[in-house]
Amino acid sequence: MAFSMNIKPEAVEIIKKKIDPDHQVVLLALNDGSNKYSKLGGTCTIGANFQFVVLADKDPEYDIKIENNAGLDLYTAKPETGFLEENLVVNARNATLSLSDDSGVIDGGVTVSRFEGNQVTKKDMLEGKTC
1 MAFSMNIKPE
11 AVEIIKKKID
21 PDHQVVLLAL
31 NDGSNKYSKL
41 GGTCTIGANF
51 QFVVLADKDP
61 EYDIKIENNA
71 GLDLYTAKPE
81 TGFLEENLVV
91 NARNATLSLS
101 DDSGVIDGGV
111 TVSRFEGNQV
121 TKKDMLEGKT
131 C
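Take the sequence shown: its position 58, counting from 1, is numbered 58 in UniProt numbering, and each next residue is one higher.
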């Protein structure tokens, strides 16, 4: 399935604040402890939490291009696609991002972070949210 995303103007502004000349690649990644970018963990978060991760270089594990109206170099990975339907939309309200698709709201609290090349440690996850 090919994915496309409509990113509303307010959401584009929030995401682009994390982009600079050295960090231009954007990932749509799960934020449930299942990957190297996630600081969250616990069974209650599986598939319910997403994040945008801004990288300096492409990650070969995130090789599914997401077409978007904001001109972002945006990718996701196969594990994430199991939780996504067609017609992805990112909206912003009170500086909080939400992700939805044809099935409804997927995540009402999507985060954006710049990844500096460090692996997320167990200590990071313990300091993050768990359930």
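Just so you know, even glycine gets a beta-carbon here, dropped at the ideal spot from N, CA and C.
{"Check": "Inter-residue spacing [alpha-carbon to alpha-carbon] between residue 106 and residue 4", "Outcome": "15 Å"}
{"Check": "Nearest-angstrom Cβ-Cβ length linking residue 97 and residue 90, presumed shorter than 8 Å", "Outcome": "6 Å"}
{"Check": "Classification of residue 2 by the beta-carbon crowding that lies within 10 angstroms, buried from 16 upward", "Outcome": "exposed"}
{"Check": "Contacts around residue 22, its chain only, beta-carbon distance under 8 Å, and the 5 residues preceding and following it disregarded", "Outcome": "56"}
{"Check": "Backbone secondary structure at residue 70 - three-state DSSP", "Outcome": "coil"}
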